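Structure record follows, encoded as structure tokens.
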Amino acid sequence: MVLDRTQSPAFQAIQEVRLPSVQTHILDNGIPLHLIEVPQQPVIRIECIIEAGTWYEEVPGTSFFTLKMLSEGTLDRSSAQISEYFDRYGAFLELNSGPDRASVVVYCLTKFLPNILPILRQLLTEPTFPQKELDDLRNITLQNLRVNYEKNAYLAGVLFREKLFGPQHPYGRSQRPDSIEQLTQKDIVAFYDRVIHNRPYQILLAGQASENEILLINRELGQLPIQEKSLPPVVAGLSTEDGQPVLAEKADSVQSSIRLGRRLFTRSHPDFFKMLVTNELLGGYFGSRLMKNIREEKGFTYGISSNMPSFRHDGYFLIGTDVNKENTQQTLDEIQKEIRILQTEPVSQTELETVKNFMAGEFVGSLNTPFEIADRYKVILLDGMPADFLTKYIERLRAVTPDEIMETAVKYLTEGSLREVIVGGK
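Just remember that my numbering sits 10 ahead of the position in the sequence shown, which is counted from 1.
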């Protein structure tokens with residue numbers, strides 16, 4: 011068969027997505043285990059998800075350092091021995107902490123799960139938090155922070171989150187050199203004992219797993235004692251922001267980092283999908299209106315984008331870019347111009363269909379591996395979303411109309427509601 015290369019391949023717009031179901035099992039000690047079975051490849055990921063984010067900190071920084079220190083020594087092994095053990099089985103360990111939760115994640119071949127589970131149990135139950143390793147981690151973190159604080163984009167992100175939520179709020183709090191320097195081993199041990207040790211958590215298992223792997227996990231992790239009483243979060247400081255722009259002058263800086271946005275809502279809000287499509291049109295992808303105007307037509311920047319980070323209790327809208335100082339105010343004016351167009355002129359069906367097709371393709375493209383599917387399911391399992399949130403994701407995107415986009419832009423993108431942060435100069 012001879013291909014006619016003058017004709018583009020036929021395509022069909024994505025209308026729905028089918029995902030493997032989640033099977034939930036309860037271990038002997040009451041820990042829920044959520045299994046996403048995708049048996050095509052002999053790999054597995056086991057993730058222990060703990061309510062140990064910055065929402066539960068009494069001392070700033072303890073969540074991050076406690077999680078990172080879990081692999082720095084146990085009763086039986088040093089940090090070097092732990093690292094060598096994982097390498098021996100070709101396994102990979104991740105220790106993550108965030109505002110809402112923390113997680114201990116291990117990737118390995120399914121056949122090595124019996125070898126990996128005992129050391130995973132030790133990391134969760136027998137960490138020793140050695141002082142030398144803590145000092146090393148502190149020094150590395152401080153060095154990275156000092157470098158990052160010299161970057162306009164990093165500092166703009168820190169100041170923007172503080173502007174929206176307040177510097178003491180878990181969503182507005184960032185690592186600060188002074189708080190890290192004051193952090194002690196006693197603080198970390200206290201956080202571990204109060205928030206992690208014998209506390210309830212959830213397990214997310216993805217990949218080539220079956221009843222046999224569940225039995226193995228129950229034998230290692232299902233027999234550990236668990237305190238039933240849930241732990242209340244530490245009360246967070248609320249923002250007292252006044253709506254005034256923030257300008258951090260840097261005389262020697264050639265560029266300015268611009269951050270513009272506002273607090274929004276979580277994924278459960280009735281306007282979430284309307285705002286999601288509105289955001290995509292404005293600055294969510296490479297062909298967005300902000301990119302066409304400020305990058306392609308004006309040449310002010312290499313890139314400008316908008317996005318909608320969502321957390322368990324809140325969310326926000328953000329426009330971000332880096333431009334030459336002399337173009338800062340004109341860039342802000344052009345952003346407001348594009349927002350006004352969204353508020354007053356209906357988007358054409360052709361542009362809207364392009365955006366929806368891109369969003370649908372991007373969503374399906376993020377579900378290539380069992381681990382990516384598991385990451386998507388976290389939204390449902392951990393944030394209390396409805397069971398059909400993922401299966402009806404594309405349907406809800408496609409239901410958004412041009413009139414709803416105008417209404418949403420008027421409702422959430424008024425000029426007075428957007429907070430402005432600039433690092434560099436105006």
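The beta-carbon is built from N, C-alpha and C at its ideal position, and this holds for glycine as well.
Because the structure is a prediction, the values reported are computed rather than measured.
Mind checking whether residue i and residue j have CB atoms under 9 Å apart?
i    : j    : result
P109 : Y181 : yes
D332 : S266 : yes
Q33  : H44  : yes
F170 : V256 : yes
S220 : P49  : yes
A62  : I268 : no
A112 : T76  : yes
V365 : L300 : no
I432 : A261 : no
N303 : K347 : yes
Does DSSP put residue i in a helix, a strand or coil?
i    : result
F399 : coil
Y326 : strand
P137 : strand
L165 : helix
D281 : coil
P219 : The sequence shown places Ala at residue 219, rather than the Pro named in the question. Note: A219 maps to coil in three-state DSSP.
T34  : strand
Q153 : helix
A380 : The residue asked about is misnamed: residue 380 is Pro in this sequence, not Ala. Helix at P380.
G293 : helix
V287 : helix
P177 : coil
I41  : coil
V420 : helix
Evaluate residue i with the Cβ neighbour count: other Cβ atoms within 10 Å of its Cβ, from every protein chain shown; 16 or more gives buried, anything less gives exposed.
i    : result
A90  : exposed
S298 : buried
L274 : buried
T360 : exposed
I345 : buried
K284 : buried
I126 : buried
V157 : exposed
H9   : Since the first residue shown for the chain is 11 and the last is 436, residue 9 is missing from the structure and cannot be characterised.
T288 : buried
L165 : buried
T338 : buried
N162 : buried
S358 : exposed
Would the C-beta of residue i count as close to the ligand HEM, meaning under 8 Å from any of its heavy atoms?
i    : result
N162 : Absence of the ligand HEM from the depicted structure is noted, as is the absence of any ligand whatsoever, leaving it without description.
> Any contact of the region 226 to 236 with the region 60 to 74, i.e. 3+ C-beta pairs under 8 Å?
Replying inline: Short answer: they don't touch.
> Can we say the region 199 to 216 touches the region 381 to 395, given the rule of at least three CB pairs closer than 8 Å?
Replying inline: Between the region 199 to 216 and the region 381 to 395, the count of Cβ pairs shorter than 8 Å is three or higher; the stretches touch.
> Is there contact between the region 51 to 62 and the region 110 to 123, where contact requires at least three CB pairs shorter than 8 Å?
Replying inline: With the cut-off at 8 Å, the region 51 to 62 and the region 110 to 123 touch.
> What are the start and end residues of each continuous beta strand (DSSP E) run of 3 or more residues lying completely inside the region 253 to 280, in chain order?
Replying inline: Taken in chain order, the complete beta strand (DSSP E) segments of 3 residues or longer contained in the region 253 to 280 are 256 to 259 and 265 to 273.
> Considering only residues of the region 299 to 373, which uninterrupted alpha helix (DSSP H) runs meet the minimum length of 4 residues and lie entirely inside it, listed in chain order?
Replying inline: Note on the region 299 to 373: whole alpha helix (DSSP H) runs with a minimum of 4 residues are 338 to 354, in chain order.
> Which runs of the alpha helix (DSSP H) spanning at least 4 residues fall entirely within the region 79 to 131, listed in chain order?
Replying inline: The qualifying runs are 89 to 98.
> Counting pairs of Cβ atoms below 8 Å between the region 132 to 144 and the region 77 to 88, do you hit three or more?
Replying inline: Touching, yes.
>> What ranges does the beta strand (DSSP E) occupy inside the region 188 to 217, keeping only unbroken runs of at least 3 residues that lie completely in it?
In response: Fully enclosed beta strand (DSSP E) runs of 3 or longer: 211 to 217.
>> Taking contact to mean 3 or more Cβ pairs, one atom from each stretch, closer than 8 Å, check whether the region 309 to 324 and the region 415 to 428 are in contact.
In response: No, because fewer than three Cβ pairs between the region 309 to 324 and the region 415 to 428 fall closer than 8 Å, the two stretches do not touch.
> Is the region 173 to 192 close to the region 148 to 155, with three or more CB pairs under 8 Å?
Replying inline: Contact between the region 173 to 192 and the region 148 to 155 is established, with three or more Cβ pairs separated by less than 8 Å.
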